[in-house]
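Trainee: Residue numbers (our numbering): 113 to 265. Positions of the beta carbon are idealized from the N, C-alpha and C atoms, including for glycine.
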């Protein structure tokens, strides 16, 4: 079972009150033009809330596809341009865990149990311990400009 939140950015204000750190992230998204942010780490509230702005080309699911899960931070995925699918699978059903403590990540191999489409105007909030596999093509391969906010518990 997943505890993800998948919704439109127009509705993100509905999720205020879950935690002060999530409120900080929501306020940032509502008050910033995210497309104008510099690439790389964007400071918001130290290590409590920050964003990574980056781009990539989507790819089909393959044997080399790697899921990730986090132990200390939530991920708030916002696609600024392009579109992708994100695979989701409970970590108990994934294989070969590789802990990367310096990045708050555990990497896995496996197959998506569910997939969600992300395009501009949508967001996906993934809680710690939830296996997720972004960067999957949604139809044809395209370039994605993305913001992933890291929100400490």
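1) How many Å lie between residue 163 and residue 209 at the Cα?
2) Please go through the same chain and pick out, in chain order, the residues whose beta-carbon is closer than 6 Å to the beta-carbon of residue 161, but skip the five residues on each side of it.
3) With the cut-off set at 8 Å, would you say residue 171 and residue 258 are in Cβ contact?
4) Do you know how far the Cα of residue 189 is from the Cα of residue 250?
5) For the beta strand (DSSP E) containing residue 269, list its first residue and its last residue.
6) Quick check on the burial criterion: 16 or more other C-beta atoms within 10 angstroms. Buried or exposed for residue 254?
7) Compute the distance between the beta-carbons of residue 236 and residue 116, then report whether it is under 8 Å.
Mentor: According to the structure data:
1) One-based indexing of the chain shown puts residue 163 at position 51. One-based indexing of the chain shown puts residue 209 at position 97. In this structure, the alpha-carbon of residue 163 lies about 25 Å from that of residue 209.
2) Against the chain shown, residue 161 aligns to sequence position 49. Same-chain partners within the cutoff: 133, 136, 137 and 263.
3) Indexing the chain shown from 1 puts residue 171 at position 59. Indexing the chain shown from 1 puts residue 258 at position 146. Their beta carbons are not under 8 Å apart, which means residue 171 does not touch residue 258 by this criterion.
4) Working through the chain shown from its first residue, we reach residue 250 at position 138. Working through the chain shown from its first residue, we reach residue 189 at position 77. Whole-angstrom Cα-Cα distance: 16 Å.
5) For residue 269 there is no data in the structure shown, the boundaries of the chain being 113 and 265.
6) Looking up residue 254 in the chain shown gives position 142. Exposed, since its Cβ has fewer than 16 Cβ neighbours within 10 Å.
7) The residue given as residue 236 occupies position 124 in the chain shown. The residue given as residue 116 occupies position 4 in the chain shown. Less than 8 Å divides the Cβ of residue 236 from the Cβ of residue 116.
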